[in-house]
Amino acid sequence: MRKIWAVIRREFVERVRSKWFWVSAILGPLFFAAIIFIPLHFAASGGAKGIVVVDGTASGFGARVADSLARGKTFRVVARSAPRPGLLDSLTHQVGLNRLDGLLVLTDRTVETGAAEYRAANVSSFRDIDELRGVLDRLAVNARLERAGVDPATVGRAQIRIDLVTRKISGSATTGESSAQSFWLAYVMSIVLFIVIAVYGVNVMSSVLEEKTTRIVEVLVSSLRPFELMLGKVVGVGAVSIFQFAIWGVGGRLVLSQRAALVGNLSPGEFGQEAAFQLPPVPAATVAVFLAYFLGGFFLYSAMFAAVGAMSSNEQEARQAQQPVVFLLMIAYLSVFALANDPSSTYAVALSLVPFTSPIAMPVRWTAGRVGLNEFVGSLALLGAGIGVVTWIAARIYRVGILMTGKRPNLRELIRWVRA
Amino acid sequence: MTSPSRSPSPTPILILDRVSKRFAGHTAVDELSLSVPPGVLYGLLGPNGAGKTTTIRMIMDILEPDGGAVRVFGEPGGGRAHSQRIGYLPEERGLYRKMRVLDVLVFLAEMKGIDRRRARQRAGEWLERLGLTEWCLRRVDELSKGMQQKVQFISTMLHDPDLLVLDEPFSGLDPVNAQVMKDAVLDLHRRGKTILFSTHIMEQAEKLCEQLCIIAQGRKLVDGALSDIKRTHGGHHVVVGFDGSLGGAAHVFADKTLVSKVDNYGQYAELELASGADAQQILQRLVSSGARLSKFELQEASLHKIFIDLVGPEEVRA
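Chains as they are written, first to last, in my numbering: chain S, 11 to 430; chain G, 704 to 1021.
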């Protein structure tokens, strides 16, 4: 036991002493923030689209559309011109030259039959198209009602939009979390879980590989059992990851206390979705679930990564051999949208029960919706059993692999190692 | 100097009893038995691929034998249970490259069951003894290869083991470190420690070993005290010098029951004894035949020669 403790301490001290640990402790959160927010930022903020409204309406409908669009943040109305021969072609040419983002063609038939045309270089932005359609719909309905003699004030009142506030029920208490916040929390968690399990799993792998390639492992296993060595290693690296989280947690509290300033910087005005970007309060139970599944996932995957390290003879081989393990871990990560959208679907339940996917799937489901106690206990029990079985198999591969040199074993040889 | 214990045999430190190890396709060690008495410098000799490292790994509990039994310090099972009393230097050596020298030594001593404080103190003493004190806080990869080798010896001997198991201890060492290693081994031997080492270099074994075991292709060819082995496998050559009168020497040399081969120079002859023949009988016959002898010498074959005779030249080259 004292020897295992020495192995744990060595793994911990050597890692925490390294520059890389502190670099990732400090830059890690920035890195996570970057990979989460930068794509969203770019998706949302291409800047306002400059368009020309080709107004062929006699009723003033085109003018109203142009005004309404100009008030929004998505579009900038460069001009409103009456149709004339050759105009469409010349504007299309302007779009081709990137001087203009698009053109909206309106005629009297727009109000009558709902026909309108938007030509642009990019018509795949759902947000742009949605906004355009919303404005046209609203104004067309207005125009039709007014034409039918309805009082414009009545129309105005009829068009007050519904502001649907979403609040997550956790247990039987309403939380302050909105659905957007739940989703973001789940999304962020899945990214953090995936990356940290993968990174620290790979740490275990390279530690095994180092001892194997330097042959120190021979001296070590002459003093303690291979399983004890592997256990010490996994626990030591695990302790480093928990320490890392602790640093991030303390740092995170500081950041949260400055949240207003942070949110202001991350989501500039044109976002139009500020509410969704408020960092949600994270309940203690969620933190507990997150840590429990992180540890479970870490032990499960570290055992596999340790086996991968033991069966490889160099970094390159190890990188190849780790791919199946990483893919396994990715299943749940790639399913995060499905999990958050419908946390009670059969697929989501299955992922949160299977030990290889539950470490990511269960925290995501937990955050996104309600998880029954039975499912929760079952998932943890299966994860525990999975860790037991996987560690047993990994330890047997490890025991043989650490002394092997030469070519990597094939599947049949691996099975023989496990059975031996 | 501890004398080779041929007298009432004390309990051996290490016993292998018909130990076998098979790997996919071939048998690395085949029913090997040997016994190492306490205080002895014991050589495990054999050509490359003979099964020396596999044998040592089974002794050290790194590999499990497929058959047979290992007893260390009188108890069944390999060395792991006694790791505090055993120093092990594998053939391929390495250290944690990124760790500080002192930390590596302390960690490896902890693996042997020494507590940290004592480990630090002893590591300090050893580093001083081998002139590495100022390097103790440097990282291993800043050390020269020779210095790393010294750190490896220290890690083997730091916990003052009763049994040292050294796999090809002199291979890859520079001459200075080979001397340091040899001195350390002899010093430990003087202090009554038991040392088992493997080598394929016979000259080295001949100078150091008191007892030995020669293996090839996983099988034991011979074992026992070096002097016994030389006597039984060595004393086949006799050099005879004449002082004038040859007497009936030619007749004696022609006796196939005594001499299998003769190289006769007239006043000088080299004989190879027939198997089972006794050199004393030849001496008697020569004297009684009237020959005057200036020299009659039983020549001891070198261990190298015995080794080649036993193993076969092809194996040695392998």
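Backbone N, C-alpha and C fix where the C-beta goes; we use that ideal spot for every residue, glycine too.
Given the structure is predicted, the values throughout are model-derived calculations rather than measurements.
Helix, strand or coil for residue i, going by three-state DSSP, please let me know.
| i | result |
| --- | --- |
| S:Ala-168 | helix |
| S:Ile-61 | strand |
| G:Gln-1002 | strand |
| G:Pro-779 | strand |
| S:Thr-117 | strand |
| G:Thr-730 | strand |
| G:Arg-774 | strand |
| G:Ala-972 | strand |
| G:Ala-928 | strand |
| G:Ser-997 | strand |
| S:Gly-106 | helix |
| S:Ser-277 | Low confidence applies here, because S:Ser-277 scores a pLDDT of 48, under 50, leaving its location unreliable and the question unanswered by this model. |
| S:Ala-80 | helix |
| G:His-859 | The sequence shown places Thr at residue 859 of chain G, not His. Residue state, collapsed to three classes: helix. |
| G:Asp-1012 | helix |
| S:Val-195 | Reading the sequence as shown, one finds Leu at residue 195 of chain S and not Val. Helix, per DSSP. |
| S:Gln-283 | Summary for S:Gln-283: the model assigns pLDDT 44, below 50, so the residue's position carries little reliability; its value from the coordinates is reported in the next sentence. Coil, per DSSP. |
| S:Ile-48 | helix |
| G:Ser-708 | Confidence at G:Ser-708 is low in this model, with a pLDDT of 45, below 50, so the placement of that residue should be treated as unreliable; the coordinate-derived value is given next. Coil, per DSSP. |
| G:Glu-837 | helix |
| G:Pro-768 | coil |
What first and last residue would you give for the beta strand (DSSP E) that runs through residue i?
| i | result |
| --- | --- |
| G:Lys-987 | For clarity, residue 987 of chain G is Gln in the given sequence; the question names Lys instead. Where G:Gln-987 is concerned, there is no enclosing beta strand (DSSP E), although the alpha helix (DSSP H) it sits in stretches over 982 to 991. |
| G:Asn-967 | 962 to 967 |
| S:Met-304 | According to the sequence provided, residue 304 of chain S is Phe. The question's Met does not apply to it. Taken as a continuous stretch (DSSP letters only), S:Phe-304 belongs to no beta strand (DSSP E), being part of the alpha helix (DSSP H) at 294 to 321. |
| G:Phe-900 | 897 to 902 |
| G:Lys-724 | 717 to 726 |
| G:Phe-873 | No beta strand (DSSP E) contains G:Phe-873, which DSSP labels as neither H nor E. |
| G:Val-941 | 940 to 945 |
From what residue to what residue does the alpha helix (DSSP H) around residue i run?
| i | result |
| --- | --- |
| S:Ile-14 | 12 to 27 |
| G:Tyr-799 | Counting along the chain, G:Tyr-799 falls outside any alpha helix (DSSP H), and DSSP gives it neither H nor E. |
| S:Phe-85 | Note, S:Phe-85: premise wrong, no alpha helix (DSSP H); beta strand (DSSP E) at 85 to 91. |
| S:Glu-423 | 421 to 429 |
| G:Leu-805 | 804 to 814 |
| S:Ile-341 | 333 to 344 |
| G:Val-843 | Here G:Val-843 belongs to no alpha helix (DSSP H), and DSSP marks it neither H nor E. |
| G:Arg-819 | 819 to 832 |
| S:Leu-393 | 383 to 411 |
| S:Pro-431 | A question about residue 431 of chain S goes unanswered here, because the residues of chain S that appear run from 11 up to 430. |
Taking the DSSP output, what are the residues bridged to residue i?
| i | result |
| --- | --- |
| G:Lys-923 | G:Ile-918 |
| G:Ser-738 | G:Ile-718 |
| G:Val-868 | G:Tyr-791, G:Leu-899 |
| G:Gly-746 | G:Phe-900, G:Leu-915 |
| S:Arg-137 | BP columns for S:Arg-137 are empty, so no partner. |
| S:Tyr-128 | S:Leu-114 |
| S:Gly-72 | Bridge partners of S:Gly-72: none, in fact. |
| S:Gly-66 | S:Thr-117 |
Quick one: does the C-beta of residue i sit closer than 7 Å to a heavy atom of the ligand NAP?
| i | result |
| --- | --- |
| G:Ser-997 | For the structure depicted, the ligand NAP is absent and the ligand set is empty, with no information on it obtainable. |
Do the segment 239 to 248 of chain S and the segment 13 to 20 of chain S meet, that is, are 3 or more Cβ pairs less than 8 Å apart?
yes
Does the structure place the segment 201 to 210 of chain S close enough to the segment 759 to 769 of chain G that three or more beta carbon pairs sit under 8 Å?
no
Inter-stretch contact (C-beta, 8 Å, three-pair minimum) for the segment 871 to 885 of chain G and the segment 730 to 743 of chain G
no
Mind listing which residues of the segment 399 to 411 of chain S have their C-beta closer than 7 Å to chain G's C-betas, in chain order?
none
Taking a cut of 9 Å between CB atoms, which residues from the segment 792 to 804 of chain G lie near chain S?
Leu-792, Pro-793, Glu-794, Glu-795, Arg-796, Gly-797, Leu-798, Tyr-799, Arg-800, Lys-801, Met-802
Counting beta carbon pairs with one atom in the segment 834 to 843 of chain G and one in the segment 791 to 805 of chain G, are three or more of them shorter than 8 Å?
yes
Could you say if the segment 328 to 348 of chain S and the segment 248 to 265 of chain S meet the contact criterion of at least three C-beta pairs nearer than 8 Å?
no
Taking Cβ-Cβ distances below 7 Å as the criterion, which residues of the segment 15 to 33 of chain S are in contact with chain G?
Ala-16, Arg-20, Glu-24
Chain G contacts from the segment 226 to 243 of chain S (Cβ-Cβ distance under 8 Å):
Ile-226, Glu-228, Val-229, Leu-230, Val-231, Ser-232, Ser-233, Leu-234, Arg-235
Given 8 Å as the limit, is there contact between the segment 789 to 796 of chain G and the segment 862 to 870 of chain G, that is, 3 or more CB pairs closer than that?
yes
Residues of the segment 865 to 892 of chain G with Cβ closer than 7 Å to any Cβ of chain S, in chain order:
none
Three or more C-beta pairs closer than 8 Å, one from the segment 192 to 205 of chain S and one from the segment 751 to 765 of chain G: is that the case here?
no
Please name the residues in the segment 769 to 791 of chain G whose beta-carbon is closer than 8 Å to at least one beta-carbon of chain S, in chain order.
Gly-782, Arg-783, Ser-786, Ile-789, Tyr-791
Sufficient close CB pairs (3 or more, under 8 Å) joining the segment 316 to 324 of chain S to the segment 405 to 415 of chain S:
yes
Should the segment 932 to 943 of chain G be regarded as contacting the segment 770 to 790 of chain G, the criterion being three or more beta carbon pairs within less than 8 Å?
no
Meets three-Cβ-pair contact criterion under 8 Å: the segment 978 to 985 of chain G and the segment 957 to 964 of chain G
yes
For the pair the segment 62 to 69 of chain S and the segment 111 to 122 of chain S, tell me if three or more CB-CB distances fall below 8 Å.
yes
Whether or not the segment 366 to 374 of chain S and the segment 305 to 317 of chain S are in contact is what I'm after, with contact meaning three or more pairs of Cβ atoms, one per stretch, closer than 8 Å; do they touch?
yes
Tell me whether the segment 944 to 956 of chain G and the segment 992 to 1009 of chain G touch, counting them as touching only if at least three CB pairs, one residue from each stretch, are closer than 8 Å.
yes
Return the residues of the segment 813 to 844 of chain G that lie within a Cβ-Cβ distance of less than 9 Å from chain S, sorted by chain order.
Glu-813, Met-814, Lys-815, Gly-816, Asp-818, Arg-819
Short of 8 Å Cβ to Cβ, which residues in the segment 848 to 867 of chain G face chain S?
Ser-858
Pairs of beta-carbons, one from the segment 352 to 369 of chain S and one from the segment 392 to 405 of chain S, closer than 8 Å: are there three or more?
yes
Counting beta carbon pairs with one atom in the segment 741 to 748 of chain G and one in the segment 909 to 924 of chain G, are three or more of them shorter than 8 Å?
yes
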